[in-house]
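Numbering (this note's numbering), first residue to last: 5 to 292.
Single-structure report; data block below.
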Amino acid sequence: MVVTEWNAACTRRSLREPTAADDKYSRGVVGMRTGSEAYPGAALLGVEAAWRTGTGMVRYIGPPRPTAFVLSRRPETVTSSGRVQAWVIGSGTDAASRSALETSALVRILSGTVPVVVDAGALDLAADATAPVIVTPHAREFDRLRAVLGLPALRPDADDAERTDAARDTATALGGVVLLKGSATLVADPGGDVRIVRAGTPWLATAGTGDVLGGVLGAVIAGGVARDESGDPGRWLADAVASASWLHGRAGNAAAERLGGSGGPITALDVAEALPGVVGALLASASD
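Below is the structure:
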């Protein structure tokens with residue numbers, strides 16, 4: 005079992021600059037089933053982040069109000085079903101108010117072959133997934149997931165070693181990738197390896213930044229699927245997840261630093277808008 009401190013060089017391996025031979029499908033297609041009538045902004049933030057990370061296409065499937073939000077800001081978004089290379093589900097939704105029809109749709113996605121990022125209101129379905137799955141819980145959601153998997157709750161004052169062990173055994177029990185949010189984000193694969201991402205800033209602790217992270221995850225993973233990444237699926241997915249987390253953290257830093265050397269308050273949309281500069285600089289550094 006290996007613990008890796010994730011950095012820019014690691015992240016570059018998960019990205020590729022488009023060439024003249026590329027089209028929207030070869031760059032990756034992200035499907036997003038996120039947002040709700042109560043939380044339409046989550047849909048907009050995730051879609052915005054996926055586009056700004058560099059995906060070839062975003063397909064958004066959701067209720068009328070969040071669909072209108074998405075199209076008003078990102079009219080290039082496709083709102084019909086079709087080919088998808090990674091899914092993001094659950095952001096801005098609540099399992100307690102989910103309809104039976106929506107549950108059936110989410111279960112179909114989780115029973116497929118396409119990687120699925122599972123957040124917030126879809127986390128209750130993750131344990132039964134057969135698709136390659138990536139869960140992104142905060143602390144309370146993490147404890148609920150562990151309970152479903154028959155694992156004990158993580159102590160509120162757990163140290164880094166305990167958090168690492170918990171992320172690792174949760175990923176093993178789930179058979180998927182676990183992204184455990186925190187000041188140091190942990191990404192564990194089912195084989196027991198853990199990646200530690202320290203790229204963020206405390207200014208990221210604000211509403212909506214998790215929705216932005218979902219969009220970045222979808223874009224990076226869809227790009228990997230489009231390139232037909234080979235090897236251990238759990239390992240390459242976890243690498244892509246760690247890379248997306250690094251980009252998200254760096255975008256948070258870039259957004260805060262625009263307000264001065266010591267940084268300042270940012271919003272989730274600020275983070276999404278900083279992503280192109282972070283991605284472009286990282287790709288440019290590969291040729292230095």
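We put the beta carbon where it would ideally sit given N, CA and C, even for glycine.
Buried or exposed: which applies to residue i, given that a residue is buried once 16 or more other Cβ atoms fall within 10 Å of its Cβ?
i: P68; result: exposed
i: M36; result: buried
i: D161; result: exposed
i: V88; result: buried
i: D27; result: exposed
i: P156; result: exposed
Going by beta-carbon coordinates alone, are residue i and residue j separated by less than 7 Å?
i: G50; j: V283; result: no
i: A90; j: V181; result: no
i: P70; j: G39; result: yes
i: V216; j: A258; result: no
i: A211; j: P194; result: no
i: A203; j: R254; result: yes
i: A171; j: W10; result: no
i: R199; j: T8; result: yes
i: A244; j: S95; result: no
From this set, the options, which residue's C-alpha is nearest residue i's C-alpha?
i: W250; options: T15, M5, V6, T8; result: T15
i: H252; options: V229, L221, V198, G268; result: L221
i: L287; options: G186, L155, T23; result: T23
i: A151; options: A162, L127, A226, T134; result: L127
i: A124; options: Y29, G154, A99, P156; result: A99
i: E277; options: V82, G238, G219, G186; result: G219
i: A104; options: G60, S95, L129; result: L129
i: A77; options: R239, T97, R56; result: As written in the sequence, residue 77 is Arg, which differs from the Ala given in the question. Among R239, T97, R56, the Cα nearest to that of R77 is on R56.
Assuming residue i contacts residue j (C-beta within less than 8 Å), just tell me the rounded distance between them.
i: A135; j: V120; result: 5 Å
i: F146; j: L114; result: No, F146 and L114 are not in contact; Cβ-Cβ is about 19 Å, not under 8 Å.
i: L190; j: L153; result: L190 to L153, Cβ: 17 Å. No contact.
With respect to 6 Å, is the separation between the Cβ of residue i and the closest non-hydrogen atom of the ligand ZN below this value?
i: L279; result: With respect to the ligand ZN, the structure shown offers nothing to examine, as it has no ligands at all.
### Message
Extract the residue ranges of the alpha helix (DSSP H) inside the segment 149 to 199, only unbroken runs of 4 or more that lie entirely within it.
### Response
For the segment 149 to 199, whole alpha helix (DSSP H) runs of length 4 or above, ordered along the chain, are 164 to 178.
### Message
If we require 4 or more residues per run, which alpha helix (DSSP H) segments fall completely within the segment 28 to 75?
### Response
Correct list: 44 to 57.
### Query
Counting only runs that start and end within the segment 106 to 139, where is the alpha helix (DSSP H) found for 4 or more residues in a row?
With a minimum length of 4 residues, no continuous alpha helix (DSSP H) run stays inside the segment 106 to 139.
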